[in-house]
Structures are given as C-alpha cells and as structure tokens.
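This report refers to the structure that appears directly beneath it.
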Amino acid sequence: MAKVRIGDRLISAGLITNAQLEKALEEQRKQVRRKKIVRVLVDLGYLEESKLLGFFVELCKRGELNLLSILEDFPNSEENILMLLSKMINMEYVDLDNYEFNPSIADCVPFGIIERYTSFPFAQDGDTIKVVLADPFDIQAKEAISRSIRGKKVAFCIAKKEQVVAVVIRLSLNDSVKLLVQNIREEMTGATGTIMADDDGNKSAITKLIGVIFETAVKQKTSDIHIEATETSTLVRNRVDGVMREAFKFDKDMFAPLSSRMKLMANLDIAERRKPQDGRYSDIIMGKPYDFRISTLPIITGESIVIRILDKSKVLVRLEDLGISELNYNRFNEAIKQPNGIVLVTGPTGSGKTTTLYAALNAIKSVTHKIITVEDPVEYQMDLIQQVMVNERAGMTFAAGLRSILRQDPDIIMIGEIRDKETLQIALQAALTGHLVLATLHTNDAISGVARLLDMGVESFFIGSTICGFQAQRLVRKLCPHCRYEVEPPEKMLVQIKNLIPEDYHFYKSHGCNNCGMQGYVGREVVSEVILGTEGMRRLISANATKDELLAEARKDGFVTMFEDALLKALEGRTSLDEVYRVAKL
1 MAKVRIGDRL
11 ISAGLITNAQ
21 LEKALEEQRK
31 QVRRKKIVRV
41 LVDLGYLEES
51 KLLGFFVELC
61 KRGELNLLSI
71 LEDFPNSEEN
81 ILMLLSKMIN
91 MEYVDLDNYE
101 FNPSIADCVP
111 FGIIERYTSF
121 PFAQDGDTIK
131 VVLADPFDIQ
141 AKEAISRSIR
151 GKKVAFCIAK
161 KEQVVAVVIR
171 LSLNDSVKLL
181 VQNIREEMTG
191 ATGTIMADDD
201 GNKSAITKLI
211 GVIFETAVKQ
221 KTSDIHIEAT
231 ETSTLVRNRV
241 DGVMREAFKF
251 DKDMFAPLSS
261 RMKLMANLDI
271 AERRKPQDGR
281 YSDIIMGKPY
291 DFRISTLPII
301 TGESIVIRIL
311 DKSKVLVRLE
321 DLGISELNYN
331 RFNEAIKQPN
341 GIVLVTGPTG
351 SGKTTTLYAA
361 LNAIKSVTHK
371 IITVEDPVEY
381 QMDLIQQVMV
391 NERAGMTFAA
401 GLRSILRQDP
411 DIIMIGEIRD
421 KETLQIALQA
431 ALTGHLVLAT
441 LHTNDAISGV
451 ARLLDMGVES
461 FFIGSTICGF
471 QAQRLVRKLC
481 PHCRYEVEPP
491 EKMLVQIKNL
501 IPEDYHFYKS
511 HGCNNCGMQG
521 YVGREVVSEV
531 ILGTEGMRRL
541 ISANATKDEL
551 LAEARKDGFV
561 TMFEDALLKA
571 LEGRTSLDEV
581 YRVAKL
C-alpha cells in the first residue's frame with residue numbers, strides 16, 4: 001500500500017491526526033535513509049506500536065493486508081509479533097522446532113488438503129484436534145480442515161510459516177514412503193525378522209528407502225545425515241547449511257532394518273551394537289558420484305548413525321568461489337603464495353577449514369611443485385597431489401606421516417589438523433627448512449592462534465620465525481535473493497554497531513519461498529579475519545607480546561575482525577544481521 005493511503009487509513013481509524021501525519025512525512029523527507037511512514041509515526045510517539053499492530057490485524061481479517069506485510073513493518077523478532085498476534089486473535093502460538101510431533105496425527109486430514117492450505121493437525125487434547133496454520137487469516141483453510149475432521153472439535157493455532165512449511169514437506173516425504181515402510185515390515189516377517197538381501201537387479205524395500213533418504217539429502221544439499229533411535233521413533237535429520245532439519249520420522253521398529261542395511265553397505269559388523277564403528281560407502285545419486293562416511297555410536301536408546309556426504313565434484317572449488325571478502329582474499333592469497341613458512345586456518349568443527357585448504361591447494365598446485373597431504377581421513381582425491389591417510393592402528397599418526405613425508409622431497413605440505421606438540425614441532429621444523437606448510441587448528445579467532453601454539457609448548461621465537469599467516473573463519477548462510485526484503489533492525493542492536501556502519505545503511509531478511517524451501521537462506525559463504533606474518537607481527541610474537549599488542553599491530557596492517565567482515569556482508573544484503581550475531585559474534 002502507498003504511504004499516503006496507509007496514512008489516510010490511520011487517520012480514518014482515529015489513530016493519528018492529519019497534522020501528525022504531515023509532520024511525520026516532513027520528518028521522513030529529512031532522513032538520509034527513509035523509514036516507512038508507520039515507523040516514523042511510532043518513533044515520533046504519535047502512534048503506539050500495539051495499536052498499530054491491532055490496526056494491521058483488522059486489515060488482515062478483512063483480507064486487505066497479508067501477514068508478511070505486518071512482519072516487514074515491525075522491527076521486533078517474528079516470534080514476538082506472532083505471540084502478540086496470537087493473543088489478539090485468540091489463537092495459541094506454537095514453536096514447532098521445540099515440539100515433539102507424531103506424523104500419524106496428521107492422517108485425520110487428507111494430505112491433499114494439508115498440502116494445498118499449508119496446514120496440518122499436530123496434536124490431540126481429549127476430543128479436540130489442534131491444527132496449525134501458516135496463515136491464521138485463511139478462512140478457506142479453516143473451513144476445509146474443519147470439514148475433514150469429523151466428530152472432533154478443532155482448535156486452530158499459529159506458528160512461523162517456515163516451520164509449518166518444513167513440516168508439510170516432511171509429511172509429503174513420509175506420505176511418499178508409506179508403501180516402502182509397509183513392504184519392509186512384510187519382508188521382515190517373511191524373513192523371520194531378518195533383513196532380506198537384494199536379489200539380482202531387484203532392490204529390497206529397505207534399500208529403496210535408504211535410496212530415498214540419500215536422494216532427499218542430496219537434493220537439500222545436506223552435509224550430514226543423522227539417523228537416531230529414540231524411545232518412541234526412528235528420527236532422520238539432515239544438517240543443511242549448518243542447521244539441523246528433520247527429514248523423516250518412522251516408527252521405532254524401522255531403526256533395526258535401517259541400521260543393519262547401512263552397516264552392510266559400509267562393510268561393518270551388523271551384530272556389533274556395543275561399540276562405535278566407522279566405514280565408507282560409495283554410490284551414484286541422481287547421476288553424480290558420492291562418498292558416504294558412516295559412523296555408528298551406541299546410545300542408551302539404541303544407536304546413532306551419522307553419514308557424512310562427500311560430493312566428489314566439490315574438490316574443484318576455487319578459492320575465489322568461497323565468498324571470502326576481497327580484502328581477506330588478497331591477504332590470504334598473499335600468505336599461501338609464500339615460498340616457505342606455515343599458514344594456519346582456524347575455526348570450530350564445520351566452519352569450512354578443510355574446504356579452504358583444498359581450495360588453497362587448487363590455487364597453488366602445479367607440475368613444478370611436489371605437494372603431499374596427511375589427512376584423517378582423506379575426504380577428496382586431487383590430481384597432482386599425493387594424499388596420505390592417518391591410520392593410528394597401523395602406527396600412521398600425523399607425526400609419523402609428517403616424518404615420512406619430509407623424506408619424500410615435498411615443496412608444499414598440507415596437514416589435516418595439528419592436534420599435539422609433536423605434530424606442531426615437525427610442522428614448524430618443516431616450515432623452517434624451506435617448505436610451505438598449510439594446516440588447520442581449533443581456535444575461535446586468528447589472534448588466539450598464537451596463544452594456542454604457545455599452549456602446546458612451542459617457543460615463541462620458533463612461531464615468530466615461521467608464521468606466514470592465520471585465517472580464522474566461519475560460515476554464514478546466504479539470504480535467498482527471491483524473498484529478501486529490507487528491514488529496520490531493533491534499536492538495541494543498532495546502538496551496538498553504530499560505529500561500524502554508515503549513516504545510510506541497509507539490512508535485509510527473507511521470509512522464505514519455494515526457491516529456498518521456506519528457509520529464507522540458500523547456501524553458505526565464508527566470513528573471516530586474516531593476520532599476516534609481517535615483520536612487525538613476527539617480532540612481537542617472538543617477544544611474547546600480549547594479545548592486545550598483537551591486535552594493535554594487526555590493525556596497522558589493515559586487519560578487519562570476523563564480526564566486521566560479516567557485518568559488511570549483511571550491509572551488502574548477502575546475509576542477515578541475525579545470522580551475523582549467530583555465527584560471528586565472538
């Protein structure tokens with residue numbers, strides 16, 4: 001709606017006067033970055049936020065406004081708005097992410113209606129069926145669902161739209177595998193409780209179900225599949241862009257056949273349920289080759305199975321395609337182009353360190369360099385690079401592998417992870433003797449990398465004389481470009497970052513659409529901070545300088561913190577301010 005129109009409506013409703021609207025429009029014209037007129041009216045104190053919300057709700061009831069418009073006009077969190085809405089329209093607010101939902105409850109409504117209206121029954125309280133709606137103002141949805149549920153009372157509830165859509169997608173998947181689950185039970189009965197083997201060219205139902213699980217995971221760009229036995233069910237969750245999503249939920253009796261078939265595929269002992277096992281399995285999914293690293297762990301309710309999905313094509317990733325900012329890309333590229341020394345990539349598990357190292361090797365590999373890696377395990381195979389896998393049972397540790405590598409006349413060495421003092425000492429010795437060493441380390445930020453090396457018992461002058469650079473990194477989710485919209489952050493958050501942002505700032509969120517599976521995000525990219533081993537930095541490290549002294553020296557060299565780097569991405573509309581605080585606020 002146009003600004004004048006919404007202003008006129010507010011005047012007609014008696015919420016503001018014509019003079020107040022004129023003054024608000026005048027104030028709006030003075031602003032460097034113009035806020036919506038409703039926000040200006042609230043900021044000037046002419047309009048209470050609660051009354052504005054009530055006004056919008058009335059427009060929604062009459063079909064003159066949609067829920068998305070309300071969310072875009074209020075800087076509070078979506079959850080707070082929905083909770084206020086729930087009180088105004090007398091509907092219970094439900095957080096589906098923290099709700100134990102049994103999919104069988106939804107069977108009382110045909111899936112066609114669930115899919116059409118993005119609504120579903122999720123709980124039963126006596127003779128009342130609770131139904132959650134993506135749009136609490138959708139009268140047609142309420143009528144269709146009420147007609148479907150006969151002999152019971154219906155209580156409608158409100159939840160975040162992306163949560164509702166995510167459950168509907170899961171219900172769709174579960175609906176599509178119901179026949180497979182039935183066939184699995186028949187096969188188990190026919191085979192006296194055991195899993196039937198695949199006949200020549202004929203896949204058993206359990207193999208087909210695993211195929212569906214893997215294919216769904218690949219379509220969602222999943223990094224890890226988690227299959228867990230709970231007290232009441234078999235839960236399949238996928239980690240997508242670093243966040244866990246529920247994909248399937250089966251009855252408890254489905255875990256045993258799933259576990260046995262997974263172990264068979266990975267050449268594990270199907271009878272062993274008391275100790276952890278690790279295996280590997282390769283397959284072609286949707287025409288592309290994938291490796292699946294399978295790990296089992298005994299838990300009190302049975303077992304937990306985690307499958308890491310390795311896309312063999314990702315090894316071709318280029319350093320410039322990781323989303324690293326131009327400043328940090330140039331700084332990191334300068335570090336890895338040094339003839340000798342050590343470059344460390346730091347961050348927590350799942351922050352993309354190994355991918356960054358592979359991209360760095362891709363950038364510097366050539367026929368004129370001998371490159372050898374030692375990894376646990378080797379995730380991707382690369383041309384022109386000799387890769388060694390750690391095997392501690394056979395005595396091939398990181399340290400033992402490094403000693404052998406140094407006798408192979410390498411130019412560049414990549415170490416999957418520096419875990420102990422012995423490995424670190426050999427790596428630094430290699431850096432001192434003319435090799436370029438790339439490795440990963442677990443620290444929260446780049447400056448802490450120095451303290452971590454010192455804690456491992458290495459002399460400061462040893463570190464100072466070999467270091468080329470530290471890159472600390474995280475992965476932030478990228479906003480979906482199809483449903484992104486501009487937002488005004490809460491005042492409290494703006495106060496915290498006012499010295500880091502321009503006067504004419506722009507921040508964005510996304511509400512979810514079909515292109516992003518209602519998640520609001522598509523893919524991830526690197527946010528980072530890079531400290532170079534300049535002459536001044538090496539001198540300070542060797543002199544046991546404090547963290548503040550090292551940071552001051554890094555600032556002189558153009559150092560930008562990870563939070564500042566992530567904030568720049570939010571200002572560019574590549575990610576949201578919420579994501580910046582979730583990932584990069586140290």
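Heads up, the sequence shown is in the working numbering, so the first residue is 1 and it goes up one at a time. Glycine included, every Cβ here is placed at the ideal spot set by N, Cα and C. Quick caveat: nothing in here was measured; it's all calculated off a predicted structure.
- In the DSSP assignment, no residue is bridged to residue 444.
- Residue 239 and residue 230 have their C-alpha atoms some 18 Å from each other.
- In this structure, residue 335 lies away from residue 550, with their beta-carbon atoms at least 8 Å apart.
- When secondary structure is reduced to three states using DSSP, residue 294 falls in the strand class.
- When DSSP states are grouped into helix, strand and coil, residue 349 belongs to the coil group.
- DSSP places residue 130 inside the beta strand (DSSP E), whose first and last residues are 128-133.
- Relative to residue 402, the option among 241, 431, 496 whose CA is nearest is 431.
- Restricted to the stretch 359-385, the beta strand (DSSP E) segments that are unbroken, complete and at least 3 residues in length are 371-375, listed in chain order.
- Rounded to whole angstroms, the gap between the alpha carbons of residue 453 and residue 235 is 41 Å.
- Put simply, the stretch 180-191 does not touch the stretch 528-546. Fewer than three CB pairs are less than 8 Å apart.
- Residue nearest to residue 327 within the set 489, 349, 41, 557 is 557 (criterion: CA-CA distance).
- Cβ contact annotation for residue 303 (same chain, cutoff 7 Å, sequence separation greater than five): 229, 259, 273, 296, 297, in chain order.
- Around the beta carbon of residue 495, fewer than 16 other beta carbons sit within 10 angstroms, so the residue counts as exposed.
- The C-alpha of residue 96 is placed about 7 Å away from the C-alpha of residue 159.
- Contact check for residue 479 against residue 576 passes: the beta carbons are separated by less than 8 Å.
- Linking residue 111 to residue 477 through their CA atoms gives a straight-line distance of about 31 Å.
- By DSSP's assignment, residue 20 forms no beta bridge with any residue.
- In this structure residue 380 is in contact with residue 358, their Cβ atoms being roughly 6 Å apart against a cut-off of 8 Å.
- No Cβ-Cβ contact shorter than 8 Å links residue 405 with residue 378.
- Note that the stretch 567-584 touches the stretch 491-509; at least 3 beta-carbon pairs, one per stretch, sit closer than 8 Å.
- Taking one beta carbon from each stretch, the stretch 245-260 and the stretch 159-174 have 3 or more pairs nearer than 8 Å; the two touch.
- In the three-state scheme derived from DSSP, where H, G and I count as helix and E and B as strand, residue 8 is classed as helix.
- Residue environment for residue 500: exposed (fewer than 16 other C-beta atoms within 10 angstroms of its C-beta).
- Taken in chain order, the complete alpha helix (DSSP H) segments of 4 residues or longer contained in the stretch 214-284 are 255-265.
- Note on residue 482: under 16 other CB atoms within 10 angstroms of its CB, so exposed under the neighbour-count rule.
- Secondary structure of residue 532 (DSSP, three-state): strand.
- For residue 78, the enclosing alpha helix (DSSP H) has its first and last residue at 78-88.
- Rounded to the nearest angstrom, the gap between the Cα atoms of residue 181 and residue 301 is 21 Å.
- Looking at the DSSP output, residue 493 shares a beta bridge with no other residue.
- Comparing C-alpha distances from residue 466 to each of 472, 456, 287, 436 shows the shortest one belongs to 436.
- The residues 157, in chain order, have a CB closer than 6 Å to that of residue 92 in the same chain once the five nearest residues on each side in sequence are set aside.
- Taking 8 Å as the cut-off, the beta carbon of residue 131 is found no closer than this to the beta carbon of residue 89.
- By alpha-carbon distance to residue 442, the top candidate from 347, 290, 267, 30 is 347.
- As computed with DSSP, residue 153 is found in a beta bridge with 128.
- The residue among 129, 100, 333 with its C-alpha nearest the C-alpha of residue 232 is 100.
- Around the Cβ of residue 227, a 10 Å sphere holds 16 or more other Cβ atoms; the residue is buried.
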